[in-house]
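Residue numbers (the numbering used here): 507 to 605.
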């Protein structure tokens with residue numbers, strides 16, 4: 507699904523305030539590889555592609571270790587989704603594809 511490929515400037519609305527991140531995605535069939543980077547570091551990500559929906563798990567170490575469960579749907583140059591943070595709840599993710 508090459509339609510999801512690209513680099514996205516994203517914001518997650520978390521209890522720690524808006525968290526900015528850059529997400530890169532390269533799809534290959536029903537999976538993708540890429541990277542998520544922001545103020546708290548960078549991590550390689552791999553996940554699944556279902557139509558225009560991406561899903562992946564990401565390890566976070568700061569401010570405390572936890573696994574984030576993320577889904578995001580690409581619609582044109584926009585991406586929306588949710589970041590699940592276990593007992594801390596779920597937070598909205600929004601972003602736009604960069605040129």
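By construction, the Cβ of each residue, glycine as well, lies at the ideal position given by its N, Cα and C atoms. Remember, it's a predicted structure, so these values are computed and weren't measured experimentally.
Would you mind working out which of 514, 559, 548 and 596 sits nearest residue 536, comparing C-alpha positions? Sequence index remark: in the chain shown, residue 536 carries index 30 (1-based). Restricting attention to 514, 559, 548 and 596, the CA atom closest to the CA of residue 536 is found in 559.
Do you know offhand how far residue 549's Cα is from residue 539's? Working through the chain shown from its first residue, we reach residue 549 at position 43. Working through the chain shown from its first residue, we reach residue 539 at position 33. About 11 Å.
Tell me residue 578's beta-bridge partners as DSSP assigns them. Mapped onto the chain shown, residue 578 falls at position 72. Note: residue 578 sits in a beta bridge opposite 560 and 587.
Going by DSSP, what residue range makes up the beta strand (DSSP E) through residue 524? As a first step, residue 524 is located in the chain shown; it is residue number 18 there, counting from the start. First-last of the beta strand (DSSP E) with residue 524: 523 to 534.
With a threshold of 6 Å on Cβ separation, who are the neighbours of residue 562 within its own chain once the five nearest residues in sequence on each side are excluded? As a first step, residue 562 is located in the chain shown; it is residue number 56 there, counting from the start. Cβ neighbours of residue 562 beyond the five flanking positions: 551, 553 and 576.
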